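Just so you know, the sequences run in chain order A and B. If you use numbering that gives the first Met the number 0, the first sequence corresponds to residues 0 to 254, in order. If you use numbering that gives the first Met the number 0, the second sequence corresponds to residues 0 to 208, in order. We treat Cβ as the ideally placed atom computed from N, Cα and C, and that holds for glycine. Computed from a prediction, not measured in an experiment: that's the story for all the values here. Let me begin by presenting the structure, written as structure tokens, before commenting on it.
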Amino acid sequence: MVHTAKDGIRPAKLPEAIASFLESLILEGSLRPGDRLPPERELALQLDVSRPSLRQAIALLEGRCLLEIRRNGTFIAPILDETYGNHLYEMMLNDPDSTSDYLEFRSCTDSMAAFLAANRGSEIDREIIGNAFKAMEEAHQRAIPDEEAEADTLFHRSIFEASHNVVVLQIMGGLGGVLRKDIHHNRTKLYNRKGLREILLEQHRAIHDAIIKQDAAAARAAAMAHVSFTRAALTEIDRTDARLEMALRRFAESE
Amino acid sequence: MTMTTPLPPSAPYPESLAALFKAHPDSAFDYLEFRLYIARTAARLAAERGTEEDRLQMTQAFQALCQCHESDTADAELQADADFHLSIYRACHNAVMAFVMTTLITMQRRDVFYDRLSTYQQSGAREALMEQHRALYLTIMNRQGDQAAEAAETHIRFASRALRESMETASRLQVSLRRRKRATSPDGNPFSDDEKPPARRRRAKAKPV
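In structure tokens:
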């Protein structure tokens, strides 16, 4: 913004300044959709502002649909609103190739994010990615597909965050929110297959190692290979499932 | 030629995300960076997968863009520019990519990220952009995937540079204007009569007695 004498030198109003600060935290991913804000009294102390100012800021953000006030607290709203999410969801539901399209799109966004994360990620980002990967390894050892699928989601989210590009983070985070059930379902499908789990873990390790070594080209290649593999594996599973169903139907008819 | 609407009438628009981006102007560069990666893939896919119908749509969009360019109507040209890019995303045959990019381009059309007109008005920018669009169009029509990806990258990189320059130009202009005021005002003061510092104006109002 360019300041001219005409604009005057007016400090931003406090509630607006608080709202803007909270917005930045949402934009950068320090506050994620579904997170609960600390209680008003506590947050006012942490931000060193008065409770009435904080209340006004929260009202501003609620008006912008960024916060949801529920009985049990104030929560960060989904980044893509329900109407938008439903529209996307319907579109994908009616399109048999949409999972494949989603993964093709992801191969583009994930290779970008891995490349940027390797280039730009800070020491702290690498620590977070390292922890997310450790959680994956632990879930792998426990061999609970559901848990492994969840750790997988968090690992990818940590890379989007480390890319320090708010557009890729918000768009992919938003899509992830809308398609949460589908993605989780597909991941669980993968993690239920013998042999696939090991391959997936090794692919995640390759992405992790390249980012930690700050080797951007290797990180991009590893992310690309991982998403392409996932896409091929899911297509294959769906095809096999369809064949199995057909065989079961034939069997039922012959009975 | 009619202009295509950015989103089908029934398609919703993520208002809160748009407002979030708009309130934080640095997201403009992240948007262009995101476009850089997606546009490369999109150009390649459109070159490889575009059907005859897609190619017709892209041709019509490109011709509309040329007409606006020749008739020198920057506003219409901006709309035609967005339509041309949408026709490429539609030719990718990836419903998810088309959906997401339609949303982002609609945000851009509504100047969520930056004021497009001032970027367009950088000297030489319109001509350069037109040449980039032509290269993008021709490589896609010739089904040259690699070259189309390169053309897309060149285009978005140029747009990022133009945006940075237009922001810098705008802030330099403000400095020049203030200096000129100092030079031309009788008492050598950069606040001209109609632009008194607000503090003084407020104080004047505060003591009516």
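From the beta-carbon of Ser-15 of chain B, the residues of chain A found nearer than 8 Å are Arg-63, Cys-64, Leu-65, Ala-76, Ile-78 and Asp-80. Secondary structure at Thr-73 of chain A: strand, using DSSP grouped into helix, strand and coil. A straight-line Cα-Cα distance of about 37 Å links Ala-18 of chain A and Phe-83 of chain B.
The residues Thr-187, Tyr-190 and Asn-191, in chain order, have a CB closer than 6 Å to that of Pro-144 of chain A in the same chain once the five nearest residues on each side in sequence are set aside.
Taking a C-beta distance under 9 Å as the contact criterion, Thr-108 of chain A and Val-167 of chain A qualify as a contact pair.
Per DSSP, the continuous alpha helix (DSSP H) segment holding Ser-97 of chain A begins and ends at 97–119.
DSSP lists A:Phe-74 as the bridge partner or partners of Glu-67 of chain A.
With distances taken between CA atoms, His-163 of chain A lies nearest to A:Phe-114 out of A:Thr-82, A:Ala-138, A:Phe-114 and A:Arg-249. For Gln-66 of chain B, the enclosing alpha helix (DSSP H) stretches over residues 51–69.
Counting only runs of 4+ residues, the alpha helix (DSSP H) found wholly inside the region 164–219 of chain A occupies 165–177, 179–190 and 195–211, in chain order.
Here DSSP, grouped into helix, strand and coil, assigns Arg-43 of chain B to helix.
A distance of 9 Å or more separates the beta carbons of Ala-60 of chain B and Cys-91 of chain B. In this structure, Gly-175 of chain A sits away from Leu-16 of chain B, with a CB-CB distance that is not shorter than 9 Å. Between the C-alpha atoms of Arg-69 of chain A and Leu-36 of chain A there is a straight-line separation of about 11 Å.
Collapsing the DSSP output to three states places Arg-179 of chain B in a helix. The count of Cβ pairs closer than 8 Å, one atom from the region 33–50 of chain B and one from the region 143–157 of chain B, reaches three, so the stretches are in contact. Look at Arg-160 of chain B here: in three-state DSSP terms it is helix. The beta carbon of His-86 of chain A sits closer than 9 Å to some beta carbon of chain B. DSSP, reduced to helix, strand and coil, places Arg-35 of chain A within a strand of the structure shown. Buried is the label assigned to Thr-73 of chain A, since at least 16 other Cβ atoms lie within 10 Å of its Cβ. Residues of the region 197–222 of chain A with a Cβ closer than 8 Å to any Cβ of chain B: none. Not a single C-beta of chain B is nearer than 9 Å to the C-beta of Asn-118 of chain A. In the three-state reduction of the DSSP assignment, Asn-85 of chain A falls in the helix class. Sorting A:Ala-56, A:Cys-64 and A:Ile-158 by C-alpha distance to the C-alpha of Ala-43 of chain A places A:Ala-56 at the top. Between Gln-55 of chain A and chain B, the shortest Cβ-Cβ separation is not below 9 Å. By the Cβ neighbour-count rule, Asn-188 of chain B is exposed, with fewer than 16 other Cβ atoms within 10 Å of its own.
Here the region 135–152 of chain A lies against the region 195–203 of chain A, with 3 or more beta-carbon pairs under 8 Å apart.
Per DSSP, reduced to three states, the secondary structure at Tyr-12 of chain B is coil, with no helix or strand assignment.
Counting along the chain, the unbroken alpha helix (DSSP H) around Leu-137 of chain B starts and ends at 124–140.
Taking each of A:Ala-241, A:Met-245, A:Ala-251 and A:Arg-248 in turn and checking the Cα distance to Pro-95 of chain A, the smallest one comes out for A:Ala-241.
Neighbourhood of Phe-104 of chain A in chain B, by CB distance below 9 Å: Ile-37, Thr-40, Asn-93, Val-95, Met-96 and Val-99, in chain order. With a threshold of 9 Å between beta carbons, Phe-33 of chain B makes contact with chain A. A direct Cα-to-Cα measurement between Gln-143 of chain B and Lys-180 of chain B gives close to 55 Å.
Interface flag for Gly-176 of chain A against chain B is unset, since no Cβ pair is found closer than 9 Å. Proximity of chain A to Asp-110 of chain B at the Cβ level (cut-off 9 Å) is not reached, the minimal Cβ distance being about 14 Å. Under the three-state reduction of DSSP output, Tyr-30 of chain B falls in the helix class.
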